[in-house]
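Reviewing the structure listed below.
There are 2 protein chains.
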Amino acid sequence: MRKPTIQDVARQAGVGVGTVSRVLNNHAAVKGVTRETVLKAIADLDYTPNPHARRIAGGKSYTISVLLPVLTTEFYVRLLDGLEHAFQEARYDVAIFPLLDRSRLERYLRSHTLAYQADGLVMATYNLTQLLTERQVRTQQPTVLVDAHAEDSDCAYMDNVTGGRMAGEYAVTLPGNLHAIWVETELDQLFTTRVFEERRAGFMEAVQAGGRQVKAEYTSSFDTLAARNVATALLDGAEFPCTVFASADLLAGVLLDEVQARGLTPGKDVYVIGFDDQPWAAARGLTTLHQPVEQMGYEGAQLLLTRLSGHRGPPRARRFEPRLVVRTSA
Amino acid sequence: MRKPTIQDVARQAGVGVGTVSRVLNNHAAVKGVTRETVLKAIADLDYTPNPHARRIAGGKSYTISVLLPVLTTEFYVRLLDGLEHAFQEARYDVAIFPLLDRSRLERYLRSHTLAYQADGLVMATYNLTQLLTERQVRTQQPTVLVDAHAEDSDCAYMDNVTGGRMAGEYAVTLPGNLHAIWVETELDQLFTTRVFEERRAGFMEAVQAGGRQVKAEYTSSFDTLAARNVATALLDGAEFPCTVFASADLLAGVLLDEVQARGLTPGKDVYVIGFDDQPWAAARGLTTLHQPVEQMGYEGAQLLLTRLSGHRGPPRARRFEPRLVVRTSA
DNA sequence: TTGTAGGCGTTATCAA
DNA sequence: TTGATAACGCCTACAA
Numbered sequence: 001m002r003k004p005t006i007q008d009v010a011r012q013a014g015v016g017v018g019t020v021s022r023v024l025n026n027h028a029a030v031k032g033v034t035r036e037t038v039l040k041a042i043a044d045l046d047y048t049p050n051p052h053a054r055r056i057a058g059g060k061s062y063t064i065s066v067l068l069p070v071l072t073t074e075f076y077v078r079l080l081d082g083l084e085h086a087f088q089e090a091r092y093d094v095a096i097f098p099l100l101d102r103s104r105l106e107r108y109l110r111s112h113t114l115a116y117q118a119d120g121l122v123m124a125t126y127n128l129t130q131l132l133t134e135r136q137v138r139t140q141q142p143t144v145l146v147d148a149h150a151e152d153s154d155c156a157y158m159d160n161v162t163g164g165r166m167a168g169e170y171a172v173t174l175p176g177n178l179h180a181i182w183v184e185t186e187l188d189q190l191f192t193t194r195v196f197e198e199r200r201a202g203f204m205e206a207v208q209a210g211g212r213q214v215k216a217e218y219t220s221s222f223d224t225l226a227a228r229n230v231a232t233a234l235l236d237g238a239e240f241p242c243t244v245f246a247s248a249d250l251l252a253g254v255l256l257d258e259v260q261a262r263g264l265t266p267g268k269d270v271y272v273i274g275f276d277d278q279p280w281a282a283a284r285g286l287t288t289l290h291q292p293v294e295q296m297g298y299e300g301a302q303l304l305l306t307r308l309s310g311h312r313g314p315p316r317a318r319r320f321e322p323r324l325v326v327r328t329s330a
Numbered sequence: 001m002r003k004p005t006i007q008d009v010a011r012q013a014g015v016g017v018g019t020v021s022r023v024l025n026n027h028a029a030v031k032g033v034t035r036e037t038v039l040k041a042i043a044d045l046d047y048t049p050n051p052h053a054r055r056i057a058g059g060k061s062y063t064i065s066v067l068l069p070v071l072t073t074e075f076y077v078r079l080l081d082g083l084e085h086a087f088q089e090a091r092y093d094v095a096i097f098p099l100l101d102r103s104r105l106e107r108y109l110r111s112h113t114l115a116y117q118a119d120g121l122v123m124a125t126y127n128l129t130q131l132l133t134e135r136q137v138r139t140q141q142p143t144v145l146v147d148a149h150a151e152d153s154d155c156a157y158m159d160n161v162t163g164g165r166m167a168g169e170y171a172v173t174l175p176g177n178l179h180a181i182w183v184e185t186e187l188d189q190l191f192t193t194r195v196f197e198e199r200r201a202g203f204m205e206a207v208q209a210g211g212r213q214v215k216a217e218y219t220s221s222f223d224t225l226a227a228r229n230v231a232t233a234l235l236d237g238a239e240f241p242c243t244v245f246a247s248a249d250l251l252a253g254v255l256l257d258e259v260q261a262r263g264l265t266p267g268k269d270v271y272v273i274g275f276d277d278q279p280w281a282a283a284r285g286l287t288t289l290h291q292p293v294e295q296m297g298y299e300g301a302q303l304l305l306t307r308l309s310g311h312r313g314p315p316r317a318r319r320f321e322p323r324l325v326v327r328t329s330a
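Taken in order, these protein sequences are the chains called H and P. Residue numbers for the first sequence follow UniProt numbering, so the first one is 1 and each next one is one higher. Residue numbers for the second sequence follow UniProt numbering, so the first one is 1 and each next one is one higher.
As structure tokens, this is what we get:
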């Protein structure tokens, strides 16, 4: 059976195709009753507009390309949720480009996606604008940075300095020496993020402002094995009670394991503050910083959408702040 | 500046649009000279066909949806490489749907992508056909399973039983007691894979055939921390020399760490066989099983492409075998 | 072997 | 506020 077209809907509703199209696109100038009739016809026929026809008639692709790092963590799932939510409301499709390494980026640049399949670009975490211009990629599409910050483009970013500061301000109220574990992001210079330096800057500032100092700092790469080695070293060299800021929940979780394995009690012998509020954090009672990631995605998308509907003007930045969630671990 | 269209190319080349279209689509009936002229015009104008116009004219989407689990591992990067390679040759676009959880699957099912944006479906690792039919999703698109096996659909799969057997056949030639580490895939019943049971079946069979037996079996979840705990337990309870089959390189890598941390020598005190041949495996001298993943993706794509060009007939299965790569660890 | 014309399902424009 | 109709860029007959 043939898919119903806009013609079928128009016939069924007893109106012209123009009217149907207007209803579809929320073009205000449709009388209430007519709109209802059309909507009913659409429902009756189970009509879905053909996006390809729309694209060619409209001269736009109604598609947004989202470039993001490997989807390993909860973070990007949530980010994508926010982005897709906003774009779907506006009847835009989302094309996901998982950027695993340079070669996949190359492929993306070569594909016709950029030329035809994207009215706009979302770049998450990594700011690749420089690369694109260097390559003389004719990407005059509006672009928004999400989870990254830059002066010269629209962006929605998490204020990690403030996040670090919040952790610090809370940490100085807790007993014992202060320790911190940072993440070393050992990446290609192209794929680089300053998230953890920023968290550190905020944390150190707050600690200093509180008249305290950090007894020992550790650095771990972003995997559980390295995290466990660091946790071991930290606990070996600590006196209890003490307080630890683990700048990512991954690290905090491993630390919690190690603490418990030694018969110590989180929130009593070792006060642990994490960062991220991963799904398991509540269950484990981890005090941590919750980031409004979906919101950041949603707002970032809105920034792009306004550009797409013609907004001019200087780059805008939307700043988001994490929120301290106090549980039993600290 | 307006993008050049097929009309522009035709004018420039002094031919009709039909001819240009034929050249674009390799419709044999074009004289050599004419083809050259057209090709030159295309190059001169830097013309790229508008895929959306093509889709509406052709009544097809020229897009394949690829449903795959989270892109965490090298495995899926390589799989995607193979798939994209094949589809690009055939001028198909690939839409990636990272299936992180049920809710994202739901969203995918609801989007118009299925209805309009996919001439075919690739499902990697997870066989979701049942779910789709249950949901009465009108997915009459040809579907191919990749890295999964089923009687009732085309599929390209890795023969993990044989892989396990290869590991077993080699392991029985090595000194000391035999140990094995399996992966526990604790997943939603929807997202389920039998990969590791299969590797185990093959391994056990070969060991038995070799008149040997496995001294101890361990199970780890798929993360480095769990892997390390298992490695520790295993080494604590082993006599040296011994031989260990770690059914995923992730596990093998952690085991190697632990072996070396204890001052033992891989390939002398502890013989380690992995599975996957991750990028780092060569550098660490890990003996492991290399899987022709790109090939599997490529062939799977071909299966789908033949269906798309009208092939009828019973489901076809393409089987792929891993290959033992002997290095210094065993 | 090639050119011409009609059609794909929308959106946009113009009258009415 | 609406309906008719011309684009949009391509593919595919069909005719030459």
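Think of the CB as a built atom: it goes at the ideal place given N, C-alpha and C, for glycine as much as any other residue. Only a predicted model underlies this, so the values are computations on that prediction, with no experimental measurement involved.
Cβ atoms of E217 (chain H) and I181 (chain H): under 9 Å apart, would you say?
Yes; because the gap between Cβ atoms is below 9 Å, this pair is in contact.
For chain H, check one thing: does any of its Cβ atoms lie closer than 9 Å to the Cβ of L225 (chain P)?
Closer than 9 Å: yes.
Among H:A90, H:Q291, H:M204, which has the Cα closest to the Cα of V325 (chain H)?
Out of H:A90, H:Q291, H:M204, H:Q291 has the C-alpha closest to the C-alpha of V325 (chain H).
Can you find a heavy atom of the ligand MN that lies under 8 Å from the Cβ of V122 (chain H)?
Here there are no bound small molecules, and the ligand MN is not part of this structure.
Can you tell which of P:P175, P:T162, P:S220 has the C-alpha that lies nearest to the C-alpha of R319 (chain P)?
It is P:T162 whose Cα lies nearest to the Cα of R319 (chain P).
Taking only the alpha-carbon atoms, compute the straight-line gap between T219 (chain H) and V183 (chain H) and give it to the nearest angstrom.
Cα to Cα, T219 (chain H) sits roughly 6 Å from V183 (chain H).
Hey, how far is the Cα of H149 (chain P) from the Cα of P314 (chain P)?
For H149 (chain P) and P314 (chain P), the distance between alpha carbons rounds to 15 Å.
Identify, in the order they occur along the chain, each residue of the same chain with its Cβ nearer than 7 Å to the Cβ of S61 (chain P), setting aside the five sequence neighbours on each side.
Closer than 7 Å at Cβ, skipping near neighbours: R55, Y116, Q117, A118, D119.
Can you give the Cα-Cα distance for R199 (chain P) and T232 (chain P), rounded to whole angstroms?
Rounded to the nearest angstrom, the two C-alpha atoms are 23 Å apart.
Are Q278 (chain H) and T287 (chain H) close, meaning C-beta to C-beta below 9 Å?
Cβ atoms of Q278 (chain H) and T287 (chain H): not closer than 9 Å.
Closest Cβ-Cβ distance between E169 (chain H) and chain P: below 9 Å?
No, E169 (chain H) lies away from the interface with chain P (no Cβ there is under 9 Å from its Cβ).
Distance check for A53 (chain P) and H52 (chain H), CA to CA, integer angstroms please.
Near 7 Å, if we compare the C-alpha coordinates of A53 (chain P) and H52 (chain H).
Using a Cβ cut-off of 8 Å, pull out every chain P residue sitting near S61 (chain H), in sequence order please.
Within 8 Å Cβ-Cβ: H52.
Look at the Cβ atom of P69 (chain P), then the Cβ atom of L99 (chain P), and state whether they are nearer than 9 Å.
The answer is yes: Cβ separation under 9 Å.
Under a CB-based cut-off of 9 Å, is Q117 (chain P) close to chain H?
At least one chain H Cβ lies under 9 Å of Q117 (chain P).
I'd like to know if L236 (chain H) contacts chain P, where contact means its C-beta is closer than 9 Å to some C-beta of that chain.
This sequence places Asp at residue 236 (chain H); Leu is not what is there. Closer than 9 Å: no.
Find the residues of chain P that neighbour R55 (chain H), judging by a C-beta separation of less than 7 Å, and give them in chain order.
Here the neighbours are H52.
Determine the DSSP secondary structure at Y218 (chain H), reduced to helix, strand or coil.
DSSP places Y218 (chain H) in strand when its eight states are reduced to three.
In angstroms, rounded to a whole number, what distance separates the CA positions of S103 (chain P) and Y76 (chain H)?
Near 14 Å, if we compare the C-alpha coordinates of Y76 (chain H) and S103 (chain P).
Under 7 Å between beta-carbons, which chain H residues line up against R228 (chain P)? List them in chain order, please.
Per Cβ cutoff of 7 Å: L225, R228.
As a quick exercise: from P:H27, P:Y157, P:V30, P:L39, pick the residue whose alpha carbon is nearest that of D8 (chain P).
Considering only alpha carbons, the answer is P:L39.
With a cut-off of 9 Å, does the C-beta of T22 (chain H) fall near any C-beta of chain P?
Going by the sequence as given, residue 22 (chain H) is Arg instead of Thr. Not an interface residue.
Could you have a look at N127 (chain H) and say whether DSSP puts it in helix, strand or coil?
Here N127 (chain H) sits in coil by DSSP.
Check whether the Cβ atoms of K215 (chain P) and P241 (chain P) lie closer than 9 Å to each other.
No; because the gap between Cβ atoms is not below 9 Å, this pair is not in contact.
Can you tell me the Cβ-Cβ gap for A171 (chain H) and V207 (chain H), rounded? I've got them flagged as a contact below 8 Å.
Sure, about 7 Å apart at Cβ, within 8 Å.
Taking only beta carbons into account, state which residues of the segment 246 to 269 of chain H come closer than 8 Å to chain P, listed in chain order.
Cβ contacts with chain P: V254, D257.
If contact is defined by three or more beta carbon pairs under 8 Å, each pair taking one atom from either stretch, is the segment 253 to 267 of chain P in contact with the segment 251 to 261 of chain H?
Short answer: they don't touch.
Among residues of its own chain, excluding the 5 on either side of residue 334 (chain P), which ones have a beta-carbon nearer than 8 Å to its beta-carbon?
Absent from the structure is residue 334 (chain P), since the part of chain P shown begins at 1 and ends at 330.
Assuming T232 (chain H) is part of the beta strand (DSSP E), what are its boundary residues?
From DSSP, T232 (chain H) is part of no beta strand (DSSP E) but of the alpha helix (DSSP H) over 224 to 236.
To the nearest angstrom, how far is the alpha carbon of S329 (chain P) from that of V94 (chain P)?
Answer to the nearest angstrom: the Cα atoms are 39 Å apart.
Quick check: is the beta carbon of A86 (chain P) nearer than 9 Å to any beta carbon in chain H?
No, no contact with chain H.
Ignore the nearest five residues each way along the sequence and tell me which others in L251 (chain H)'s own chain have a CB closer than 8 Å to its CB.
Here the set comprises I181, V183, S220, A227, V230, A231, G274.
When you compare the CB positions of A301 (chain P) and Y157 (chain P), do they come within less than 9 Å of one another, or not?
Cβ atoms of A301 (chain P) and Y157 (chain P): not closer than 9 Å.
So, at 6 Å on beta carbons, what are the nonlocal neighbours of A13 (chain P) in its own chain, with the 5 sequence-adjacent residues on each side left out?
Cβ within range, chain order: T37, V38, A41.
May I ask you to report which of helix, strand or coil DSSP gives D277 (chain H)?
D277 (chain H): coil per DSSP, three-state reduction.
Please check if any C-beta of chain P sits within less than 9 Å of the C-beta of A283 (chain H).
No, no contact with chain P.
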